[in-house]
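Asker: This structure is in structure tokens; I'll ask about it shortly.
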Amino acid sequence: MSSVSIVIPVFRSEKSIGLLVERLAQELPTLAESFEVILVEDQGGDGSWSVIQAMAAKHAFVRGYRLMRNYGQHNAVLCGIRAARNATIVTMDDDLQHPVQNIKDLLDKLDEGHDVVYGTPDVERHSALRNIASLTTKLVLQGAMGAQTARKVSAFRAFRRDLRESFAHFRGPLVNIDVLLTWSTTSFVAISVPHAPRTIGKSNYTFGKLVNHAFNMITGFTTLPLRFASMLGLIMTAFGFLTLMYIVLSQVFAFGFEVPGFTFTVSLISIFAGAQMFALGIIGEYVARIHLHTMDRPAYLIKEGTDEKAAKPA
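One point on numbering: in our numbering, the residue at position 231 of the sequence shown is 1398, and numbering is uninterrupted.
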């Protein structure tokens, strides 16, 4: 591997990011002739930016960017990807749970001819609720990536820099790196890697945030919910027609069936009204996303960088 760019989104990691950079400083010279570490601080409100500045001053291969506000992990990663200069890009978390020695495994697998390689944790070290939310997110990706690969998606990934050309002009606040990568290729593969226990700080991803992220993915990058709403409407229409036929036949042929009055009517109306409101809610989500797109909001804005050629708004 001739050149590698390591992209790391940083959020409230002042205690771990310095240690991670020092580990990379020992590992990267054994992996590539040219390498860099890009740290994108996502306005976590702690002292992470000061640590990044110190690391950039100490190591010439470290470049840092500080965003204007908190945009989210994937937005920060997108910023780093666009700033990368080397042929291969590796993304990883800032919490020391992705062992740096496994970067070599990703790069070796990439050399076999794949475009994207995921390092899937051999053991998920998260709560049961977070694992459920993560699984939901991964299921959304199945159509574009294939079921087996989608279920092994991870923030620890390696891919060829050329893939970013397919989303070079992407704008908007809703970003998902894995979805964007599907715009470029279908050559995905995953390998099992150790997932170190978290010893510093705590996870910033809550169950609610993951559910919201999964919902944004579903409505932001696929039309499946609209199809589901259409199917629901068809099913409810068929149900209403069958119910009507049953009532008419029961009355006409006197099958001895008495139609309950108020309770039956209210129940039927509630079912159909609920289905309609559900479908309208899904349509409303898509309309809201169209509205966000017309506002032309950027995926991120950079406040400052450690180098003179800091990337501009995107």
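The beta-carbon is built from N, C-alpha and C at its ideal position, and this holds for glycine as well. Please read these numbers as outputs of a predicted model, since none were measured by experiment.
1. Does the distance from the C-beta atom of A1466 to that of R1338 stay below 8 Å?
2. Should R1394 go down as buried or exposed, given a rule of 16 or more other Cβ atoms within 10 Å for buried?
3. Only counting the same chain, and skipping five residues up and downstream in sequence, which positions put a Cβ closer than 6 Å to that of V1284?
4. Assign A1314 to one of three DSSP states: helix, strand, or coil.
5. Among the residues of its own chain, which have a CB less than 6 Å from the CB of W1350, if the five just before and after it don't count?
6. Taking 7 Å as the limit between beta carbons, can you name the residues of its chain near N1485, skipping five residues before and five after?
7. Which of helix, strand or coil does DSSP assign to L1263?
8. For the alpha helix (DSSP H) holding T1347, just list the boundary residues, first then last.
9. Going along the chain, which residues of its own chain have a beta-carbon closer than 8 Å to the beta-carbon of L1143, five neighbours each way excluded?
10. Based on DSSP bridge pairs, tell me the residues matched to E1203.
11. Just mark Q1193 as buried or exposed, buried being the case when its beta carbon has 16 or more other beta carbons within 10 Å.
12. Mind checking which residues open and close the alpha helix (DSSP H) that includes E1471?
13. Taking DSSP as the reference, what is the three-state secondary structure of F1334?
14. May I ask you to report which of helix, strand or coil DSSP gives L1198?
15. Between the region 1247-1258 and the region 1215-1225, can you find at least three pairs of beta-carbon atoms closer than 8 Å?
16. When the Cα atoms are used, what is the spatial distance from E1203 to I1173?
17. In whole angstroms, what separates the C-alpha of I1402 from that of A1455?
18. Using a 10 Å radius around the Cβ and a threshold of 16 neighbouring Cβ atoms, would you call Y1413 buried or exposed?
19. Can you tell which of E1200, G1239, V1229 and A1223 has its C-alpha closest to the C-alpha of Q1210?
Answerer: Looking at the coordinates:
1. yes
2. exposed
3. L1273, K1276, L1277, A1325 and V1356
4. Low confidence applies to A1314: its pLDDT is 48, below 50, so where it sits in the model is not reliable, and the reading given next is rough at best. It is helical.
5. S1333 and F1334
6. Outside the shown range of the chain (1168 to 1481) lies residue 1485, about which nothing can therefore be said.
7. coil
8. Reading off the sequence, residue 1347 comes out as Leu, not Thr. It spans I1344 to T1349 - the alpha helix (DSSP H) in which L1347 sits, taken as one unbroken run.
9. The shown model of the chain, from 1168 to 1481, leaves out residue 1143, and the question about it has no answer.
10. S1172
11. exposed
12. Note, E1471: premise wrong, no alpha helix (DSSP H); beta strand (DSSP E) at I1469 to G1472.
13. helix
14. coil
15. no
16. 6 Å
17. 26 Å
18. exposed
19. G1239
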